[in-house]
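So the structure is just underneath, and the comments pick up after that.
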Amino acid sequence: MQLTAKHSELIESIYDAGLNPELWVDVVVMLNGFFGSRACGLISKDKVSKSGATHYYCGVDPHFIQLYADEYARHDPLARLPRYGEVRNIPDLVNFDEYRRGRFYQEWLRPQGCADVANVVLEQANSSCPMLMTVIPGRQMLDAKMRARMRLVAPHASRALMINRTIEQKRQKSMALADVVDRLNAGVILLDSACNIVHSNPAADAILDAEDVLRSVHGRLLARSSEANAALRDVFRGETEVAAAAATDRKIRLTSRDGSHYIAHVIALPSLLREGNAGRTCGAIGALFVWKAKLDVRACAGSIDRTFELTPAELRVLQSIVEVGGVPETADALGIAETTVKTHLHRVFAKTGTSRQADLVKLAAGFSNPLVH
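Just so we're aligned, residue -1 is where the sequence shown starts under our numbering, counting upward by one.
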């Protein structure tokens, strides 16, 4: 069949609906006009229960749509689905005379002044509840022209529905990932290439509301110090710069009015968080994970112990070295000899792959990082 400009417009509209499912309402009206049919719709059919759900339709009274869902879907002769992509009407699948004596025709189709129904399955066989395009010709049976036109548009509708499904899956994953971000104790701020705030989680909102180390000025992120501001502008120039900063574990140091220190860790965003609804970009090119710098060795002792298989005595020595100081101070705090402290300390060095007390402090600080837990 040769495509006219009007037909091409219809196909373009089908793909538009693939990106925006709300457009299917208008597309089924266009399809109905293209087929010259009485009614048209997109329905899903459960292969096991034979139940049906109508998603988009035109040309059928809503009362009959509800009757179909409640009662007549299981009496539908087309409940025996054709193969993917095949256009089949009732006489293709069942004895037409027997069908006319059945409940589906007598109680559902005939009262609407219609005689025939045609389906084409739009999703592959691995779907347990595939989507179908359904056409009710009217008083007449499905003719060769309608069948040909259904065959023409079915592959395009099939691809558009596949796009719908893919976008919805990504949207659900994105929402789940965003929910995880919002539950983090660390502040998370998504930024665009001008350091405008695209999203901030509750922990970040608390930091911004304090207007100390970081603040929002007309939606743009600003740091308290000029050095931190310069670092932010340098990193968030583009996705390449953000990726490079993240790969090198770039951190931006922030200082509050009272001298407290905060750490802003640069994170490259996965594509799921760079995209908004329907796959459209949200503008964010990277994120900052912000937390107050504090060393709580006891809170992360269990993680350190499990990671390096330290004995209780070795773990106590490590904690004391980090919190109290050197070997003499640790010996006094734990009430043991300095030689015993040194023995345990050498074992800790060996197990953790460190060689200096300063390295143990950095190691413990890493386990205190909220990104680690």
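Just so you know, even glycine gets a beta-carbon here, dropped at the ideal spot from N, CA and C.
| Asked | Found |
| --- | --- |
| Rounded to a whole number of angstroms, what is the C-alpha to C-alpha distance between Ala208 and Phe234? | 23 Å |
| Along the chain, where does the alpha helix (DSSP H) that runs through Thr352 open and close? | Where Thr352 is concerned, there is no enclosing alpha helix (DSSP H), given that its DSSP letter is neither H nor E. |
| Taking the straight line between their C-alpha atoms, what separation do you get for Val186 and Trp289? | 9 Å |
| What would DSSP say about Ile250, mapped onto helix, strand or coil? | strand |
| For Gly39, does the three-state DSSP call read helix, strand or coil? | strand |
| Taking DSSP's pairing of strands, which residues face Ala375 in a bridge? | Residue 375 cannot be examined here, being either before or after the span of the chain that is shown, -1 to 371. |
| Does DSSP put Ser223 in a helix, a strand or coil? | coil |
| Taking the alpha-carbon of Lys143 as reference, which of Ala226, Gln122, Ser35, Arg157 has the nearest alpha-carbon? | Ser35 |
| Residues in its own chain within less than 6 Å of Ile41 by CB, not counting five upstream and five downstream? | Gly50, Thr52, Leu130, Thr132 |
| In this structure, how does DSSP classify Ala262 when only helix, strand and coil are distinguished? | strand |
| Express the C-alpha separation of Ala146 and Ile9 in angstroms, rounding to a whole number. | 15 Å |
| Quick one: what does DSSP say Glu10 is sitting in, helix, strand or coil? | helix |
| Look at Phe32 and Pro109 and say whether their C-beta atoms are less than 9 Å apart. | no |
| Spell out a yes or no on whether the segment 311 to 318 and the segment 340 to 352 are touching, meaning 3 or more CB-CB pairs, one atom from each, closer than 8 Å. | yes |
| Do you know whose CA, among Cys193, Ile261, His197, lies nearest Val211's CA? | Ile261 |
| On the three-state DSSP scale, how would you describe Ile283? | coil |
| Comparing alpha-carbon positions, which option in Val215, Ala192, Ala184, Val58 lies nearest Ala201? | Ala184 |
| Give the single residue among Glu7, Ser191, Gly217 whose Cα lies nearest to the Cα of Ser198. | Gly217 |
| Among all the DSSP beta bridges, which residues are the ones paired with Val288? | Gly185, Ala262 |
| Determine which residues share a DSSP beta bridge with Tyr54 and list them. | Leu40 |
| Is His342 helix, strand or coil by DSSP? | helix |
| Pull up the distance between the alpha-carbon of Ala229 and that of Lys249, whole angstroms please. | 9 Å |
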